[in-house]
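Asker: Take a look at this one; I'll ask things after.
There are 2 protein chains.
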Amino acid sequence: MPATSTNSGTSQKILDVAERLMQVRGYNGFSYADIADALRVTKASLHYHFPSKSDLGRRLMERYTENFAAALTEIDASGADPRQKLERYIALYASVLADNRMCLCGMLAAEYATLPKPIRSEVLRFFDANETWLAQVLEQGRQAKGFRFAGPAVEAARALVAGLEGAMMMSRSYGDADRFDRTGQRLLAELT
Amino acid sequence: MPATSTNSGTSQKILDVAERLMQVRGYNGFSYADIADALRVTKASLHYHFPSKSDLGRRLMERYTENFAAALTEIDASGADPRQKLERYIALYASVLADNRMCLCGMLAAEYATLPKPIRSEVLRFFDANETWLAQVLEQGRQAKGFRFAGPAVEAARALVAGLEGAMMMSRSYGDADRFDRTGQRLLAELT
DNA sequence: GTCTATAGGTGGATAGAC
DNA sequence: GTCTATCCACCTATAGAC
């Protein structure tokens, strides 16, 4: 663990702060100055670790997708049944919302037209990974006679992600996390 | 129609351009300079009609909600049955998306944490109006035995709006309007 | 109503000392 | 790796002439 590595603790701390700012305020809603204030360093110091804001955003997205994928792998490894898996998936969203954050990719999807290209493709990769994982869980559940839904599992997966992302945005605006929970429960109930 | 009225043609043109910019790029993603370029006037001229960006955003939201409410009233007046009403409601979203825009309020809901207070309350008013109208249509449909859904109609309405807003965001990111249409059809099918 | 000119601030980003 | 100092483009907004 060389001290000069860009993956040092400082870079991670920068990413932590930037992640929160981006989930709460959006890519166009925060600046290097915000991060610098929070960490009590100068803006120039941040540019050493992440030369441009575009770099920072892309690296952030990569880490986010990685962490999310790891969480999904852990759910798979837990031996839960499809219904429990979905419950835990929805709980992931709820935990983000509890911190007054949006899903990073939901936020960036809204700002999509203004994003640097490298960030855009990372956003789509995140959604793709979610759909793939969800479609698999849904198909398992359907074959085990636990879930009932029409059409290809991937279509049901897309509707589910859309519902969760939308519910998240609206619940946060109302400052009422309960809204999200009720919609999440409803989406789950519709599958059974 | 006094020529000095702030409701003159110029103000409307400014709102038209600003509306598109805000739906495509978000409140934090456009500036007075963008509007000035599009209309070939100076920024100072814009400030005459809308003193601050906050004013502009609020007035924009008010007009948007008004227009949307008028569209819903027109649907009501058409004598369509509940299912047709919902189809037309979903078609409203689709027409916005076809222009590569987000729902203005979906966009602002994502940026909510950074919005001036007067704009925030307008966003919630928009969602409230949608929920109220939808809940009424859903309840009509349920009593006519055309729709089947569990729980209070307003909860089903919220899930519907969330699904449509989320689908809109994701479809636009993928540049694939068809995604939205399929999710819209699915949401409708789940009610019957 | 629209213009020129400008104020006062913040944005992302770089050079070079330490 | 972090700092000071600085650049320049852009931001919202205003004053005052026409």
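As you go down the protein sequences, you meet chains A and B in turn.
First residue of the first sequence: 1, per the working numbering; consecutive thereafter.
First residue of the second sequence: 1001, per the working numbering; consecutive thereafter.
Note that CB positions come from ideal geometry on N, CA and C, so glycine has one too.
Source: prediction; values computed, not measured.
In whole angstroms, what is the alpha-carbon distance linking Gln-136 of chain A and Phe-126 of chain A?
Answerer: Numbered from its first residue, the first sequence carries residue 136 of chain A at position 136. Numbered from its first residue, the first sequence carries residue 126 of chain A at position 126. C-alpha separation (whole angstroms): 16 Å.
Asker: Given that Gly-1141 of chain B touches chain A, what residues does it touch there, using C-beta distances under 9 Å?
Answerer: Here residue 1141 of chain B corresponds to residue number 141 of the second sequence, with the count starting at 1. What Gly-1141 of chain B touches in chain A: nothing, since even the nearest Cβ is about 16 Å away.
Asker: Measure from the C-beta of Val-1096 of chain B to each C-beta in chain A and report whether the shortest distance is under 7 Å.
Answerer: Locating residue 1096 of chain B in the second sequence gives position 96, counting from the first residue. Closer than 7 Å: no.
Asker: Which same chain residues end up closer than 6 Å to Ile-75 of chain A when comparing Cβ atoms and leaving out the 5 residues on each side of it in sequence?
Answerer: For the purposes of this step, residue 75 of chain A is taken as residue 75 along the first sequence, with counting starting at 1. Answer for Ile-75 of chain A: Lys-85, Arg-88, listed in chain order.
Asker: Between the Cα of Val-161 of chain A and the Cα atoms of A:Phe-180, A:Lys-145, A:Gln-12, which residue gives the shortest distance?
Answerer: On the first sequence, position 161 is the one that residue 161 of chain A refers to. With distances taken between Cα atoms, Val-161 of chain A lies closest to A:Phe-180.
Asker: Hey, would you say Gly-1166 of chain B sits closer than 7 Å to Gly-166 of chain A, going by beta carbons?
Answerer: For the purposes of this step, residue 1166 of chain B is taken as the residue at position 166 of the second sequence. For the purposes of this step, residue 166 of chain A is taken as the residue at position 166 of the first sequence. Yes; because the gap between Cβ atoms is below 7 Å, this pair is in contact.
Asker: Could you give the distance in angstroms between the alpha-carbon of Gln-185 of chain A and the alpha-carbon of Ala-1159 of chain B?
Answerer: Here residue 185 of chain A corresponds to residue number 185 of the first sequence, with the count starting at 1. Here residue 1159 of chain B corresponds to residue number 159 of the second sequence, with the count starting at 1. For Gln-185 of chain A and Ala-1159 of chain B, the distance between alpha carbons rounds to 10 Å.
Asker: Report the three-state DSSP secondary structure of Ser-54 of chain A (helix, strand or coil).
Answerer: Taking the first residue of the first sequence as position 1, residue 54 of chain A is located at position 54. Reduced to three states, the DSSP call for Ser-54 of chain A is helix.
Asker: Counting pairs of Cβ atoms below 8 Å between the region 99-114 of chain A and the region 46-55 of chain A, do you hit three or more?
Answerer: Touching, no, given that fewer than three Cβ pairs across the two stretches are closer than 8 Å.
Asker: Looking at C-beta atoms only, is the number of pairs between the region 1052-1072 of chain B and the region 1109-1126 of chain B that lie closer than 8 Å three or more?
Answerer: Output reads yes: the region 1109-1126 of chain B touches the region 1052-1072 of chain B.
Asker: Three-state secondary structure (DSSP) at Arg-101 of chain A?
Answerer: The residue you call residue 101 of chain A lines up with position 101 of the first sequence. The answer is coil: DSSP assigns Arg-101 of chain A none of H, G, I, E or B.
Asker: What three-state label does DSSP hand Phe-1149 of chain B in the structure shown?
Answerer: Here the question's residue 1149 of chain B lines up with position 149 in the second sequence. The answer is coil: DSSP assigns Phe-1149 of chain B none of H, G, I, E or B.
Asker: Starting from Phe-126 of chain A, trace the alpha helix (DSSP H) in both directions and tell me its first and last residue.
Answerer: By 1-based counting over the first sequence, the position of residue 126 of chain A is 126. Run containing Phe-126 of chain A: 117-143, per the alpha helix (DSSP H) assignment.
Asker: Closest by CA to Gly-146 of chain A, which one among A:Gly-175, A:Gly-29, A:Leu-191?
Answerer: Here residue 146 of chain A refers to the residue found at position 146 of the first sequence. That would be A:Leu-191, whose Cα lies nearest to the Cα of Gly-146 of chain A.
Asker: Terminal residues of the continuous alpha helix (DSSP H) containing Tyr-48 of chain A?
Answerer: By one-based count along the first sequence, residue 48 of chain A stands at place 48. Residues 43-49.
Asker: So, at 8 Å on beta carbons, what are the nonlocal neighbours of Leu-1060 of chain B in its own chain, with the 5 sequence-adjacent residues on each side left out?
Answerer: Taking the first residue of the second sequence as 1, we reach residue 1060 of chain B at position 60. Taken in chain order, the residues that qualify are Leu-1015, Ala-1018, Glu-1019, Met-1022, Leu-1104.
Asker: Once the 5 residues before and after Pro-1082 of chain B are set aside, which same chain residues still bring their CB inside 7 Å of it?
Answerer: Residue 1082 of chain B sits at position 82 when you count from the first residue of the second sequence. Answer for Pro-1082 of chain B: Val-1137, Gln-1140, Gly-1141, Ala-1144, Gly-1146, Phe-1147, listed in chain order.
Asker: Does Val-1024 of chain B get closer than 7 Å to chain A when you measure Cβ to Cβ?
Answerer: Counting from 1 along the second sequence, the entry for residue 1024 of chain B is found at position 24. It does; some Cβ of chain A falls within 7 Å.
Asker: Counting only C-beta atoms, is Ala-1036 of chain B closer than 7 Å to chain A at any point?
Answerer: Counting from 1 along the second sequence, the entry for residue 1036 of chain B is found at position 36. Taking Cβ atoms only, chain A never reaches closer than 7 Å to Ala-1036 of chain B, which makes this a no.
Asker: Using Cβ-Cβ distances below 7 Å, what residues of the region 1107-1129 of chain B are close to chain A?
Answerer: Within the region 1107-1129 of chain B, the qualifying residues are Met-1107, Ala-1109, Ala-1110, Glu-1111, Tyr-1112, Ala-1113, Thr-1114, Val-1123, Leu-1124, Phe-1127.
Asker: Which residues in chain B sit within 8 Å of Leu-46 of chain A, going by Cβ to Cβ distance?
Answerer: In the first sequence, residue 46 of chain A corresponds to position 46, counting from 1. Going along chain B, no residue has its Cβ under 8 Å from Leu-46 of chain A, so there is no contact; the nearest lies around 20 Å.
Asker: Taking only the alpha-carbon atoms, compute the straight-line gap between Lys-200 of chain A and Ala-69 of chain A and give it to the nearest angstrom.
Answerer: Within the shown structure, residues of chain A are numbered from 1 to 192, placing residue 200 of chain A beyond reach of any answer.
Asker: Apart from the five residues on each side of it in sequence, which residues of its chain come closer than 7 Å, Cβ to Cβ, to Ala-156 of chain A?
Answerer: Taking the first sequence and counting its residues from 1, one reaches residue 156 of chain A at position 156. So the qualifying residues of the chain are Leu-138, Phe-149.
Asker: State buried or exposed for Ala-1109 of chain B, treating a residue as buried only when at least 16 other CB atoms are found within 10 Å of its CB.
Answerer: By one-based count along the second sequence, residue 1109 of chain B stands at place 109. Classification for Ala-1109 of chain B: buried.
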